[in-house]
Each structure stands twice: as structure tokens, then as C-alpha cells.
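Residue numbers (this note's numbering), protein chains in the order written: chain U, 294 to 454; chain D, 294 to 454. Where is the CB? At the ideal position from N, CA and C, for every residue including glycine. This one's a predicted model, so the numbers in the text were calculated from it and none came from an experiment. Here's the structure we're looking at; comments come further down.
There are 2 protein chains.
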Amino acid sequence: MISSRVAVAVHVLAYMAWKRSEAVTSERIAASVNTNPVVVRRIVGALRNAGMVTVQPGVGGGATLAREPDDITLLDVYRAVEDGDELFSLHPSEPSRSCNVGGNIRDVLRPIFCTAHRAMESVLAQVSIADVGSQVMAMARAEGCCGESMNATELRRAQAV
Amino acid sequence: MISSRVAVAVHVLAYMAWKRSEAVTSERIAASVNTNPVVVRRIVGALRNAGMVTVQPGVGGGATLAREPDDITLLDVYRAVEDGDELFSLHPSEPSRSCNVGGNIRDVLRPIFCTAHRAMESVLAQVSIADVGSQVMAMARAEGCCGESMNATELRRAQAV
DNA sequence: GAATCCGAAACTATCATGGTTACAGTTAAC
DNA sequence: GTTAACTGTAACCATGATAGTTTCGGATTC
């Protein structure tokens, strides 16, 4: 399983695309993601290293998008937060070299697994943060007109995050 | 990372395709894979549950292919040994439902991740155990004519596995 | 100078993975 | 029927990844 860091990172970027040009703190994002601010900062740090966000310390600081939402693909996000360039593990220890199968199986599997990996990545490359953001907003609007209203407590929480 | 069980399971099946119609024991396979026989038996058990191999206990027993090598795809193997039908993890804990992003991000990501997963699987579906076996044998032959010969010790080990 | 915010280190709990030992059950051969 | 050769499964351990938490130093704004 690919870790939840990808999902959280997309969440973070979609949130920042929503609050465009407004620096958001790790605490506010953490409230939306429902996790600890440090977990958010670790992921934001990876996105900063990849040049997708800029981070400002101090009062009124926080993170903002460094690129346009439609210029950030889910593949960019995946590569930023998921380390290692291999999706499939090969054998834990080297197979017997004196066996016809053991001596060559890894060289046969490597390119196959690499192709499978690339196929997965090409799907991620076709979706941008802007796409995710607009879908999220479309869903939020759809809920809004289906008669669901907020009470005072929900309103306060909605404004908080 | 997807566990090495897939690579080992393909190795096991390619080995059985090589030793066609001859029951191979977990110990022999383990020697080729370079691991513990119990690890092999766990994987062979999963392949047996998926109907790819039949297993015979007792003297002269072992595992044999239950289907033709060209009728077993790497996708079959992947699904047999890798549990769970999701490749990507979503958020560890449910995001804030009172946030536009948090309340909808998972529903947006789920189908995208599913599509990416399917794209990866479709590559695995195009490769059979017969393909892997023939590639392995082609490599073994290529090594053979490049002048690499075995000494007595290597010969014994080659016959053992 | 105080308040706010990030960055990073350190520690913990949990879980998946792979390896190992041990043993019960099944089969074939003698 | 006994023995030897297998599988199947449970139990346990070591390792590493993951996510959460606390803490503190440093940067920034007011």
C-alpha cells in the first residue's frame, strides 16, 4: 500500500488552492485533515523541497502555492512525498545464481514492474490540483443545495477550518 | 512498496513451469529463491487458494502447476498474494466534515486512485508466466554461450536447485 | 520584547514483512 | 505398520515504515 501521505498532500494543496493567495498555517490544515500539525509540516516540507509551495515563518506566516493549481499534477505530488523510484519490491535476498530461474528472474521482472509503475504514474500525471479542487467544490455545492444546513456549532467549525 | 511476495510468487511459478509435470518441494524452491521453505509454503498456499497450483503432501510430493503457464498472468499472481483491493491509502483518520475540502476530498481521490491502480494492473495482465519463463530461459542460454562454464561445485549446486 | 509560526529532533505505538522453529497431519515406500 | 518425506499452520522474533506527539530553537511580525 502506498502511504496516506499522497492523499494528505493532495488535500493540503487543494486546501491551499481554495484559500488562494492567503497563507495557511499548519494548524489550520491539520484541523481540516484531522491530524497533528507536525505531520502536516513534514508533508509541506516535502512539497516545499519540490518547489510546489513557499513557506513563511513568523506571525501571519504559513504556506502558499508556488505554482498554479493546474500546473501541479498528482504525479508531482506522488514523487514529492513518496520516496524511492520503485513500486514493486524484488527478492529480499539475492536468488541462487546457479539456478536458471533464480539467476535471471530479477532482470526479467524489473522492466515489467517498471512498466506497470509507469502506467500507474501516467494516470496521476493527467490529474491536476485544479481538477481536484474543482471537483471538491462541485461536491460541496451539491451538498449545499440538497437542503443540508449548518447549525451554529457547525458554522463556527466551518469558519475555523 | 508492494511486497516482494509478488516477485517470489512469479519466481515460484516460473520455476514450476520449468520443471513442468514434476512436483517440486518447498525446500527446492526455497534454495532457488534463497529463503526459508516456510516462506515458500505460505506463498504456494496463496497460489493454491487461487487455483494456480496443486499441492501433494507426503513422499515424492510437492507442488505442480494446475494451469498452463500461458494461462496465468502476473495480475492473477498479484491478486493471489497481495491482499486488499486498494493500492493507495486514504487519510488515516476521517478529515473534517465541516470543511469543504475535508468533507469531499476522499470521494474525489478514491476513483482517481482506483483508475491509477487499474492502469498498473492492466500491464500485469498482459504478461504471463510463460512469457517470464521464456525470457528467463533466453537469458540463461545467452549466458551459456558467452563462455561461462561451471566448475564441479557450481555444477552440483546447479543440479541441486 | 512578545506573540506567532516553521523546522527538526526525539520518542512512542502500531503494523506489515520476512525469517525461524516446532509440530501435527498426510502420503509413499519398504 | 513403521519409517521417511512432505505440507500446513501456529507461534515467535527482528526489522523497518508509518503516523502521532512533545519539545525546543529560530525566524518573523507587530
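For M345 of chain U, no CB of chain D lies under 9 Å from its own CB, so it is not counted at the interface with that chain. By the beta-carbon neighbour count (other beta carbons within 10 angstroms, threshold 16), Q428 of chain U is buried.
A direct Cα-to-Cα measurement between I295 of chain D and S319 of chain D gives close to 23 Å.
The region 340 to 381 of chain D contains, as complete alpha helix (DSSP H) runs of 4+ residues, the segments 367 to 374 (chain order).
Its Cα nearest to that of T408 of chain U, the residue D:E414 stands out among D:R403, D:S386 and D:E414. In the DSSP assignment, E436 of chain D falls within the alpha helix (DSSP H) that extends over I422 to G437.
Going by beta carbons, V374 of chain D and A339 of chain D fall inside the 9 Å limit. Contact between R298 of chain D and I336 of chain D holds, with the beta-carbon distance rounding to 6 Å and staying under 8 Å.
Those residues of the region 381 to 392 of chain D placed with their C-beta closer than 8 Å to a C-beta in chain U are F381, S382, L383, H384, P385, S386, E387, P388, S389, S391 and C392, ordered along the chain.
Within the region 393 to 412 of chain U, the residues whose Cβ lies closer than 9 Å to any Cβ of chain D are, in chain order, N393, V394, G395, G396, N397, I398, R399, D400, V401, L402, I405, F406, T408, A409, H410, R411 and A412.
For T328 of chain U, the nearest CB of chain D lies under 9 Å from its own CB, placing it at the interface with that chain.
Each residue's CA atom was taken as its position, placing D378 of chain D and N327 of chain D some 29 Å apart. Cβ-Cβ separation between V416 of chain U and V370 of chain U: approximately 13 Å, too far for a contact (criterion under 8 Å).
One Cα belongs to S314 of chain D, the other to G437 of chain D, and the distance between them is close to 25 Å. Assignment of beta-bridge partners to V317 of chain D by DSSP yields D:A356. Annotation: G355 of chain D has no Cβ neighbours in chain U at a cutoff of 9 Å; minimum Cβ distance is about 16 Å. For the pair E361 of chain D and T366 of chain U, the Cα-to-Cα distance works out to about 42 Å.
In this structure, the CA atom of D364 of chain D is about 54 Å from the CA atom of V348 of chain U.
Around A300 of chain U, the same chain offers no residue with a beta carbon nearer than 7 Å, after the five sequence neighbours per side are excluded.
For H304 of chain U, the uninterrupted alpha helix (DSSP H) run begins and ends at R298 to W311, by DSSP. With respect to chain U, the C-beta atom of S319 of chain D has no partner C-beta closer than 9 Å. No Cβ of chain U is located within less than 9 Å of the beta carbon of S314 of chain D. Exposed is the label assigned to V352 of chain U, since fewer than 16 other Cβ atoms lie within 10 Å of its Cβ. The bridge partners DSSP lists for I398 of chain U come to none. Per the coordinates, the alpha-carbon of A423 of chain D lies some 12 Å from the alpha-carbon of L358 of chain D. Taking a Cβ-Cβ threshold of 9 Å, none of the residues of chain D is close to Q349 of chain U; the smallest such distance is about 21 Å. Within chain D, the C-beta atoms nearer than 7 Å to that of I295 of chain U come from L380, F381 and S382, in chain order. If you check the CB distance, G344 of chain D and V317 of chain D do not come in under 9 Å. Rounded to whole angstroms, I322 of chain U and N342 of chain U show a C-alpha spacing of 19 Å.
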